[in-house]
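*Asks:* Once you've had a glance at the structure underneath, I'll fire off some questions.
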Amino acid sequence: MRIDTITLREIHLPLREPFRISSGVTDMRRICLLELVSSDGVVEWSECVAGEEPNYSYETIDTAWLAIREWVAPRIIGKGLKDPREVYPLLEADFRGHSMAKAAVEMGIWAVAARTAGISLSTLLGGVRKEIEVGISIGIQQNPETLAAIVQKSLQEGYRKVKMKIEPGKDIEFVRYVRGVAGSSPHLMVDANNAYGEADFETLQKLDQFNLMMIEQPLACDDLVRHAKLQKTLRTALCLDESITSVERAQDMIELGSGRIVNIKPGRVGGFTSSIAIHDLCARHGMPVWCGGMLESGVGRAHNVALASLPNFTLPGDISPSERYWERDIVQPEWTMKPDGTMRVPVDKAGIGVDVDIDRIKNLTVREETFRNRWRARM
Ligand code: OSB
Ligand code: MG
Numbered sequence: 006m007r008i009d010t011i012t013l014r015e016i017h018l019p020l021r022e023p024f025r026i027s028s029g030v031t032d033m034r035r036i037c038l039l040e041l042v043s044s045d046g047v048v049e050w051s052e053c054v055a056g057e058e059p060n061y062s063y064e065t066i067d068t069a070w071l072a073i074r075e076w077v078a079p080r081i082i083g084k085g086l087k088d089p090r091e092v093y094p095l096l097e098a099d100f101r102g103h104s105m106a107k108a109a110v111e112m113g114i115w116a117v118a119a120r121t122a123g124i125s126l127s128t129l130l131g132g133v134r135k136e137i138e139v140g141i142s143i144g145i146q147q148n149p150e151t152l153a154a155i156v157q158k159s160l161q162e163g164y165r166k167v168k169m170k171i172e173p174g175k176d177i178e179f180v181r182y183v184r185g186v187a188g189s190s191p192h193l194m195v196d197a198n199n200a201y202g203e204a205d206f207e208t209l210q211k212l213d214q215f216n217l218m219m220i221e222q223p224l225a226c227d228d229l230v231r232h233a234k235l236q237k238t239l240r241t242a243l244c245l246d247e248s249i250t251s252v253e254r255a256q257d258m259i260e261l262g263s264g265r266i267v268n269i270k271p272g273r274v275g276g277f278t279s280s281i282a283i284h285d286l287c288a289r290h291g292m293p294v295w296c297g298g299m300l301e302s303g304v305g306r307a308h309n310v311a312l313a314s315l316p317n318f319t320l321p322g323d324i325s326p327s328e329r330y331w332e333r334d335i336v337q338p339e340w341t342m343k344p345d346g347t348m349r350v351p352v353d354k355a356g357i358g359v360d361v362d363i364d365r366i367k368n369l370t371v372r373e374e375t376f377r378n379r380w381r382a383r384m
């Protein structure tokens, strides 16, 4: 297999509702799509999940675009590859950071490999599920009443996990109110996106009374030590998101006891090879994982669905149906949730399993750049 061209496109897709987390708000997604073409003429798609602002990670769509153009694409294009597993070490050698930029290309190559082999991305990754459990992530709301109404509606729609974003001042009383309305549902959790510090341990300990599935990333992204201190004082499991950027960080988390659950976002960890390594490590330690989300379009969602079909993804992911995010998605069929709160994995289709609406993408494109095999380009 050889990749001959990679085309980057930036499309603008408005969210149906603004999404607020402790570190910022998004209403219009600037989504970076990748179209990869192999020397066999096989075409597949991937998505770079970097955000608009450097609030979730230091990467943004603009830094990722630069990294792909200057360093990622030149390492990959025109290179003979026997296996997509070769890509991760190739991109890690003497090349620090920029995981989302690297992951976008790495995951695109996995998709090309699956389509070339005539199998689904799920099958190539080692997936075993034909359907996955669906969760929803709810942004920070003005008041507890509004939050409780959305939570209640989500539970009625069948979501198997309902995650509420929290921040200092919008935490204990919000969750208490939701518990009052939603009753003892086992499907509730919170995500703080790094908003707390050691001075807030007492507040976080108060969350213990609400029987949450887990508390996601309360402390700073590089703070495994204090997460371990906090976990020792809690009954509720801590789940790490921002902190886990590689299999080594997952190992550190396990050794230090910084949490009991891992949220795997393939973009955050440099792609599928690294995601599988973290998945396998956690499985060996009896630690459940689930697939996080980054407000992806239907293309990035296809990659997340495939990953979430692996055996140790035993908790519902932040992989909601297309209509939760967009008026209209850019793939056919759109991603849907059944009334029982599950989503079908397209195991019977080669590649990512959905068709990309190229006309619509072209209409939405505000920037486009193609990188090619320089040697072929000269011929
Ligand atoms: O922390 O999981 C997070 C979205 C953007 C940045 C960070 C996070 C999120 C979400 C959204 O929670 C999950 C989704 O895509 O539905
Ligand atoms: Mg999170």
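Our numbering numbers the first residue of the sequence shown as 6 and each following residue consecutively.
Beta carbons: idealized from backbone N, C-alpha and C, even for Gly.
Looking at the unbroken beta strand (DSSP E) that takes in Leu-239, where does it start and where does it end?
*Replies:* Translated into the one-based positions of the sequence shown, residue 239 becomes position 234. In the DSSP assignment, Leu-239 falls outside any beta strand (DSSP E) and carries neither an H nor an E.
*Asks:* Compute every distance between the C-beta of Glu-172 and the non-hydrogen atoms of the ligand MG, then say whether any falls below 7 Å.
*Replies:* Residue mapping note: residue 172 aligns to position 167 of the sequence shown, counting from 1. No.
*Asks:* Can you list the alpha helix (DSSP H) stretches of 4 or more residues lying completely in the region 120-156, in chain order?
*Replies:* Assignment of alpha helix (DSSP H) within the region 120-156, counting only whole runs of 4 or more residues, yields 126-130 in chain order.
*Asks:* Could you give the C-beta distance for Met-105 and Arg-273, rounded to a whole number, given that I count them as a contact under 8 Å?
*Replies:* Walking along the sequence shown from the start, residue 105 turns up at place 100. Walking along the sequence shown from the start, residue 273 turns up at place 268. Right, their Cβ atoms sit about 7 Å apart.
*Asks:* Output the distance between the C-alpha atoms of Phe-215 and Cys-296, rounded to the nearest integer angstrom.
*Replies:* What you label residue 215 is simply residue 210 of the sequence shown in a count that begins at 1. What you label residue 296 is simply residue 291 of the sequence shown in a count that begins at 1. Answer to the nearest angstrom: the Cα atoms are 24 Å apart.
*Asks:* What distance in whole Å lies between the Cβ atoms of Met-169 and Val-195, which are believed to be in contact at a cut-off of 8 Å?
*Replies:* The residue labelled residue 195 in the question sits at position 190 within the sequence shown. The residue labelled residue 169 in the question sits at position 164 within the sequence shown. 5 Å between Cβ atoms; contact.
*Asks:* Starting from Glu-207 and walking both ways along the alpha helix (DSSP H), at which residues does that stretch end?
*Replies:* In the sequence shown, counting from the first residue as 1, residue 207 sits at position 202. Unbroken alpha helix (DSSP H) run through Glu-207: 206-211.
*Asks:* Take Ile-141 as the anchor and find which of Lys-234, Phe-24, Gly-264 has the nearest alpha-carbon.
*Replies:* In the sequence shown, counting from the first residue as 1, residue 141 sits at position 136. It is Phe-24.
*Asks:* Compare the beta carbon distance of Ala-116 and Phe-376 with 8 Å and say whether it is the shorter of the two.
*Replies:* Reading the sequence shown from its first residue, position 111 is the one you call residue 116. Reading the sequence shown from its first residue, position 371 is the one you call residue 376. Contact: no.
*Asks:* My parser needs the alpha helix (DSSP H) runs of 4 or more residues fully inside the region 301-361; what are they?
*Replies:* 303-313, 327-330
*Asks:* Below 6 Å CB to CB, which residues in the same chain sit around Arg-231 once its five sequence neighbours on both sides are set aside?
*Replies:* Against the sequence shown, residue 231 aligns to sequence position 226. These residues qualify, in order along the chain: Glu-203, Leu-224.
*Asks:* I need the straight-line Cα distance from Gly-188 to Met-218, nearest angstrom please.
*Replies:* Counting from 1 along the sequence shown, the entry for residue 188 is found at position 183. Counting from 1 along the sequence shown, the entry for residue 218 is found at position 213. Those two C-alpha atoms are separated by around 14 Å.
*Asks:* Which same chain residues, not among the five before or five after Thr-65, have their C-beta less than 8 Å away from its C-beta?
*Replies:* In the sequence shown, counting from the first residue as 1, residue 65 sits at position 60. Hits under 8 Å: Ala-55, Gly-56, Glu-57, Glu-58, Pro-59.
*Asks:* Measuring CB to CB, does Gly-346 end up less than 8 Å from Arg-90?
*Replies:* On the sequence shown, residue 346 is found 341 positions in, with the first residue counted as 1. On the sequence shown, residue 90 is found 85 positions in, with the first residue counted as 1. Result no, Cβ atoms of Gly-346 and Arg-90 do not sit closer than 8 Å.
*Asks:* What ranges does the beta strand (DSSP E) occupy inside the region 72-122, keeping only unbroken runs of at least 3 residues that lie completely in it?
*Replies:* Under the rule that a run must span 3 or more residues, no beta strand (DSSP E) segment is found entirely inside the region 72-122.
*Asks:* Pull up the distance between the alpha-carbon of Ala-242 and that of Gln-236, whole angstroms please.
*Replies:* For the purposes of this step, residue 242 is identified with residue 237 of the sequence shown, where counting begins at 1. For the purposes of this step, residue 236 is identified with residue 231 of the sequence shown, where counting begins at 1. Their backbone Cα atoms lie some 7 Å apart in a straight line.
*Asks:* Determine the burial state of Thr-341: buried for a count of at least 16 other Cβ atoms within 10 Å of its Cβ, exposed for fewer.
*Replies:* For the purposes of this step, residue 341 is identified with residue 336 of the sequence shown, where counting begins at 1. It is exposed - the Cβ of Thr-341 has fewer than 16 other Cβ atoms within 10 Å.
*Asks:* What residues in its chain sit with their C-beta under 7 Å from that of Lys-211, if we drop five residues either side in the sequence?
*Replies:* As a first step, residue 211 is located in the sequence shown; it is residue number 206 there, counting from the start. Counting only Cβ-Cβ distances below 7 Å, and skipping sequence neighbours, we find Ile-177.
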